[in-house]
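Enquirer:
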Amino acid sequence: MSLTFFRNSIEHAAYTRLLKPYFFRRDPELVHNRMLQLGERLGKGVVGRAVTAGMFRYSHPSLEQTVRGIRFANPIGLAAGFDKNARLLDILPMVGFGFVEVGSITARPYAGNPAPRLYRLPVSRSLVVNYGLMNDGSEMIARRLAGRQYSVPVGISLAPTNDDGTAEFRAAIDDYLVSYQRFAKIGDYTTLNLSCPNTCHDQPFTAADRLDELLTELDKIDCSKPIFLKISPDLPMERVRQLIKTARNRKV
């Protein structure tokens, strides 16, 4: 029995027998917020980071890879939606993630959809998430990250602000441009969130012609970082092909 297997077995038992029953008796958003606070505190201290890394992190040369010029220590990353406001970048690499994507971030702050907005589905071991792009806004988050270096690649997930100001797709493009400009020199790559399902708008940029207009405007900003697209998993395949063709033409 390897030391890693022994460690993981203890952690699994501690979670399933102690922590999970405690968490599931409480509101899921409250639990989420408390874990964010704990993670932020642990990340601020050398001891907290070292203990967390000893408990969770694992590295091996076979896991390393380079994609679009970015070196990843392993292929398991944390997607946008957990660390919405980029407060956990000191601790998440210690948990073992090979990269972290923060956000999604919008040009203006948004307080989120009305609560309750997290629902547990115990049978499928999942959560229904209805935050609606809650975040501190690109100006504040860009200031939080500017000039800092992190031990894993950091992706910046951008989306249009979830309010009436971006109801028209031209206004949504302008909203993207504001955030993209603010993060032009921050992070290792950009993800355009084209398909958040719990906002007050449709998903205009899942149409290839409108995506092309958005990418045309982004090309005018001096930014050398790779761009990735996040799209809905249930789009018709023909539309997916059109989006892929547009992305390839733009080297996205």
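In our numbering, the protein residues as written are 349 to 600. Ideal placement from N, C-alpha and C gives every residue a C-beta, glycine not left out.
1) Using the rule of at least 16 other Cβ atoms within 10 Å of the residue's Cβ for burial, across every protein chain shown, is residue 530 buried or exposed?
2) For the ligand NAP, is there any heavy atom lying closer than 7 Å to the beta carbon of residue 475?
3) Label residue 354 either buried or exposed according to how many other C-beta atoms from any shown protein chain fall within 10 Å of its C-beta, with 16 as the threshold for buried.
4) Tell me whether residue 576 sits in a helix, a strand or coil according to DSSP, three-state version.
5) Run through the DSSP bridge pairs and tell me what residue 370 is partnered with.
6) Nearest to residue 417 by CA position, among 487, 446, 536, is which residue?
7) Go through its chain and collect everything with a Cβ distance to residue 509's Cβ below 7 Å, but skip five positions before and after it.
8) For residue 624, report the span of its alpha helix (DSSP H) as first-last.
9) Whose CA, out of 372, 574, 423, lies closest to the CA of residue 446?
10) Under the DSSP definition of a beta bridge, which residues are partnered with residue 420?
11) Contact check, residue 411 vs residue 400 under 8 Å by CB: the rounded distance?
12) Going by CA-CA distance only, name the one from 501, 557, 556 that's closest to residue 415.
13) Beta-carbon within less than 6 Å of residue 381's beta-carbon, same chain only, minus the 5 sequence neighbours each way: which residues are those?
14) Considering only their Cβ atoms, is the gap separating residue 566 from residue 553 smaller than 8 Å?
15) For the alpha helix (DSSP H) that contains residue 397, what are its first and last residues?
16) Hey, quick one: how far does the alpha helix (DSSP H) through residue 592 stretch, first residue to last?
17) Suppose you measure from the CA of residue 492 to the CA of residue 372; what does that come to, to the nearest Å?
18) Taking C-alpha atoms, which residue in 395, 364, 468, 394 lies nearest to residue 375?
19) Using alpha carbons as the reference points, say which of 534, 568, 377, 570 lies closest to residue 479.
20) Is residue 405 near residue 442, with beta carbons less than 8 Å apart?
21) Just to confirm, are residue 578 and residue 540 a CB contact at a threshold of 8 Å?
22) Mapping DSSP to helix, strand and coil, what is residue 524?
23) In angstroms with no decimal places, state the Cα-to-Cα distance between residue 352 and residue 403.
Expert: Based on what the coordinates show:
1) Flag for residue 530 reads buried.
2) Inclusion of the ligand NAP in the displayed structure is not the case, the ligand content being empty and no account of it being possible.
3) exposed
4) strand
5) Residue 370 pairs with nothing; no bridge assigned.
6) 536
7) 454, 455, 456, 458, 523
8) Lying before the first or after the last residue shown, residue 624 is absent from the chain, which here runs from 349 to 600.
9) Nearest neighbour of residue 446 by Cα position, chosen from 372, 574, 423, turns out to be 423.
10) 413
11) Rounded, the Cβ-Cβ distance is 19 Å, inconsistent with contact.
12) Nearest in C-alpha terms to residue 415, of all of 501, 557, 556, is 501.
13) Answer for residue 381: no residue qualifies.
14) Using a Cβ distance threshold of 8 Å, residue 553 and residue 566 do not count as a contacting pair.
15) For residue 397, the uninterrupted alpha helix (DSSP H) segment begins and ends at 394-404.
16) Segment 585-597, the alpha helix (DSSP H) holding residue 592.
17) 32 Å
18) 468
19) 377
20) In this structure, residue 405 lies near residue 442, with their beta-carbon atoms less than 8 Å apart.
21) yes
22) helix
23) 9 Å
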